[in-house]
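Written out below as structure tokens is the structure these notes cover.
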Amino acid sequence: MVKPRILQQNRKETKVGQKPGYLYVRDNAVQTRLYLISFDEIDFAEQEFTEYDELYKFMQDRPHQRHWLDVRGYGNLPFLESIARDFNIHPLQLEDVISDYQRPKIEEENGSLFMISRMVTFTAQHLIDDDQLSLFTGPNYVITFQSDNEDCLDPLRVRIRAGKGIIRKRPVIYMAYAIMDVVLDHYFPVLAEMGDYLDSLEDVLFKRPKKEILGNILSVKREIVKLRRIVWPERDKISELLRADPELVPDEMKIYFRDTYDHTVQIIDLIENYKETSGSLVELYLSNVSNRMNEIMKVLTIISSIFIPLSFIVGIYGMNFSRENPDGTVNYLNMPELYQPYGYITLMSVMGLLIVFQIIFFYRKGWFR
4 MVKPRILQQN RKETKVGQKP GYLYVRDNAV QTRLYLISFD EIDFAEQEFT EYDELYKFMQ
64 DRPHQRHWLD VRGYGNLPFL ESIARDFNIH PLQLEDVISD YQRPKIEEEN GSLFMISRMV
124 TFTAQHLIDD DQLSLFTGPN YVITFQSDNE DCLDPLRVRI RAGKGIIRKR PVIYMAYAIM
184 DVVLDHYFPV LAEMGDYLDS LEDVLFKRPK KEILGNILSV KREIVKLRRI VWPERDKISE
244 LLRADPELVP DEMKIYFRDT YDHTVQIIDL IENYKETSGS LVELYLSNVS NRMNEIMKVL
304 TIISSIFIPL SFIVGIYGMN FSRENPDGTV NYLNMPELYQ PYGYITLMSV MGLLIVFQII
364 FFYRKGWFR
């Protein structure tokens, strides 16, 4: 599921000026694969189909069962067009599916639901990688579309295979809920990884802040904002489901969607918390850099304070005014110390005592703490 950053940017590309419903498949699109899970309370079947007509006939022959058609990859446009034709998917909706960079949303069309969610992972490069999951509901089926072969839905497939829980006894809308719930549950480990990374950045800041750490903080802050932009529409989408007509979403199902809504609120709270944390880390970095600069300036100030009086003394005795005049008379006010036998030793001792006095004075003032 981890892809180079450039692929995320490519998803935003569109063919400007094309007619509505125009289907554009990129050159690097993954070849389409068709997976079908069919089940009821007793029977279960799972297989991959290489021919769409065979898959469609299989579903038509089993109207009493519920079906999950999982379409992975958009490389085979005829397959996608056949699915849209046979399952009454509007061309504009199929265009949203293939464009692969739509915000989470929900639409109702002829008693069926079209929903978009985004599956996220936190990569080794500490970036948020998100994939679009498109979902359609019908009388006895759910169709999901995704751009590649990797997703976060394996826990749900395991539950269906094992027949655990009530998923094989519930209507199709419950399957749609279960898929959305697994996608949202996967946000929590992503947020946990992001929280661990923020903690590691904070530890580095306390030990020894480097210039590179600021770039890492700003990068993860951008990813937090990106995740926030993904989750807010997800909450709005579930809110619309809770207000949907009972014929579309039965009242007994709304308790499950309310639980999912609570999950989105928890996720948003965590994201807001991490957003504030990342901002605090930037302030902490700037504060540490400022404190470090202050420490450096304090050391330089101490050194300067010690050598300024020494430089003053040396400067005075470096003037070398003559003691004797050319006529042999003596200038008594011109540095008599120059001719003292112990003048050099005396001056060096005075300078040494002055250094010791200043060090003791600065220490008592707390400059060395």
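For the sequence shown, the working numbering gives the first residue as 4, with consecutive numbering after it. Just so it is clear, CB atoms sit at the ideal spot from N, CA and C, and this is done for glycine as well. Source: prediction; values computed, not measured.
How is residue 51 classed by DSSP in three states: helix, strand or coil? It is a strand residue.
What residue does the alpha helix (DSSP H) around residue 259 start on, and which one ends it? Counting along the chain, the alpha helix (DSSP H) containing residue 259 begins and ends at 254 to 320.
Tell me the rounded alpha-carbon separation between residue 199 and residue 122. Looking at the two C-alpha atoms, the distance is approximately 20 Å.
To which residues does DSSP link residue 29 through a beta bridge? For residue 29, which the question treats as bridged, DSSP gives no partner whatsoever.
Where the beta strand (DSSP E) containing residue 41 begins and where it ends: Element bounds for residue 41: 36 to 42.
As assigned by DSSP and simplified to three states, the class of residue 338: Residue state, collapsed to three classes: coil.
Cα-Cα separation between residue 208 and residue 357, rounded to whole angstroms: Their Cα atoms are separated by approximately 40 Å.
How many Å lie between residue 132 and residue 154 at the Cα? For residue 132 and residue 154, the gap between their C-alpha atoms comes out near 12 Å.
If we count Cβ pairs, one from each stretch, closer than 8 Å, do we get three or more for the segment 305 to 325 versus the segment 232 to 239? No contact exists between the segment 305 to 325 and the segment 232 to 239.
Proximity of residue 138 and residue 147 at Cβ, strictly below 9 Å: Result yes, Cβ atoms of residue 138 and residue 147 sit closer than 9 Å.
Considering only residues of the segment 44 to 112, which uninterrupted beta strand (DSSP E) runs meet the minimum length of 3 residues and lie entirely inside it, listed in chain order? Listed in chain order, the complete beta strand (DSSP E) runs (minimum 3 residues) inside the segment 44 to 112 are 47 to 52, 69 to 75, 108 to 112.
Neighbourhood of residue 362 by C-beta, 8 Å cutoff - its chain only, sequence neighbours within 5 removed: So the qualifying residues of the chain are 309.
Please report the distance separating the alpha-carbon of residue 239 from that of residue 108. Roughly 8 Å separates the two Cα atoms.
Does the count of Cβ pairs from the segment 216 to 229 and the segment 152 to 167 closer than 8 Å reach three? Taking 8 Å as the limit for Cβ pairs, the verdict is that the segment 152 to 167 does not touch the segment 216 to 229.
State whether the segment 110 to 118 contacts the segment 34 to 49, with contact taken as three or more CB pairs (one from each stretch) at a distance under 8 Å. Taking a contact to require three or more Cβ pairs closer than 8 Å, the segment 110 to 118 and the segment 34 to 49 do not qualify as touching.
The beta strand (DSSP E) with residue 366 in it runs from where to where? That residue, residue 366, is in no beta strand (DSSP E); its alpha helix (DSSP H) goes 346 to 367.
Look up residue 173 in the DSSP assignment and say whether it is helix, strand or coil. Reduced to three states, the DSSP call for residue 173 is coil.
For the alpha helix (DSSP H) containing residue 242, list its first residue and its last residue. If you look at residue 242, you'll find it in the alpha helix (DSSP H) that goes 214 to 245.
Could you give the C-beta distance for residue 97 and residue 26, rounded to a whole number, given that I count them as a contact under 8 Å? Yes, they are in contact, since the Cβ atoms of residue 97 and residue 26 sit about 6 Å apart, within 8 Å.
Where the beta strand (DSSP E) containing residue 150 begins and where it ends: Per DSSP, residue 150 is not a residue of any beta strand (DSSP E), being assigned neither H nor E.
Three-state secondary structure (DSSP) at residue 133? Note: residue 133 maps to strand in three-state DSSP.
Environment of residue 75 [buried if 16+ CB atoms lie within 10 Å]: Buried.
For residue 324, name the three-state secondary structure that DSSP assigns. Reduced to three states, the DSSP call for residue 324 is coil.
Nearest neighbour of residue 259, chosen from 30, 330, 245, 51 [CA to CA]: When each option's Cα is compared against that of residue 259, the closest is 245.
How many angstroms separate the CA atom of residue 32 from the CA atom of residue 265? Residue 32 and residue 265: Cα-Cα distance of roughly 35 Å.
Put residue 211 into one of helix, strand or coil per three-state DSSP. If DSSP states are grouped into helix, strand and coil, residue 211 belongs with coil.
Supposed contact pair residue 35 and residue 77 - C-beta distance, whole angstroms, cut 8 Å: Between residue 35 and residue 77 the Cβ distance is about 6 Å, and since that is below 8 Å, they are a contact.
Exposed or buried, residue 332, counting other C-beta atoms within 10 Å across all chains shown (16 or more means buried)? Under this definition residue 332 is an exposed residue.
Closest by CA to residue 185, which one among 163, 287, 174? Among 163, 287, 174, the Cα nearest to that of residue 185 is on 163.
With 16 other Cβ atoms within 10 Å as the buried cut-off, status of residue 321: With fewer than 16 other Cβ atoms within 10 Å, it is exposed.
For residue 161, report the span of its beta strand (DSSP E) as first-last. It is not in any beta strand (DSSP E) - residue 161 instead sits in the alpha helix (DSSP H) that spans 157 to 165.
Alpha carbon to alpha carbon, how far is residue 297 from residue 369? Give it in angstroms, no decimals. C-alpha separation (whole angstroms): 14 Å.
How far does the beta strand (DSSP E) with residue 333 in it reach, from first residue to last? Element bounds for residue 333: n/a, residue is neither H nor E.
Check this for me: beta carbons of residue 183 and residue 71, under 9 Å apart or not? No, they are not a contact pair.
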